[in-house]
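Engineer:
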Amino acid sequence: MDYAHLRSLLAPLIMALKDAGTHTMLPTLCEELGLPVPATDGSSVTA
């Protein structure tokens, strides 16, 4: 697999996520993407 090519294809999509919404919208965005919802206590530790 050509990881450099894959990275170049995914980079614009991943970078666009930063503009997808505000911090308060992050749980909803994660849920829509099928990602774990971040902790509400501000901790970066995941279960």
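Quick note on numbering: full-length UniProt numbering labels position 2 of the sequence shown as 2, and the sequence is numbered without any gaps. Using N, Cα and C, we set each Cβ at its ideal position, and we do this for glycine too.
How many angstroms separate the CA atom of L10 from the CA atom of D19?
Structural biologist: Near 15 Å, if we compare the C-alpha coordinates of D19 and L10.
Engineer: My understanding is that L29 touches G21, with C-beta atoms under 8 Å, so please give their C-beta distance in whole angstroms.
Structural biologist: Indeed, because the Cβ distance is near 5 Å, the residues count as touching under 8 Å.
Engineer: Roughly how many angstroms separate the alpha carbons of H37 and L26, rounded to a whole number?
Structural biologist: The residue you asked about is not His; residue 37 is Val in the sequence shown. Cα to Cα, V37 sits roughly 8 Å from L26.
Engineer: State the DSSP-derived secondary structure class of E35, mapped to helix, strand or coil.
Structural biologist: The amino acid at residue 35 is misidentified as Glu; the sequence shows Leu. Coil at L35, not helix or strand.
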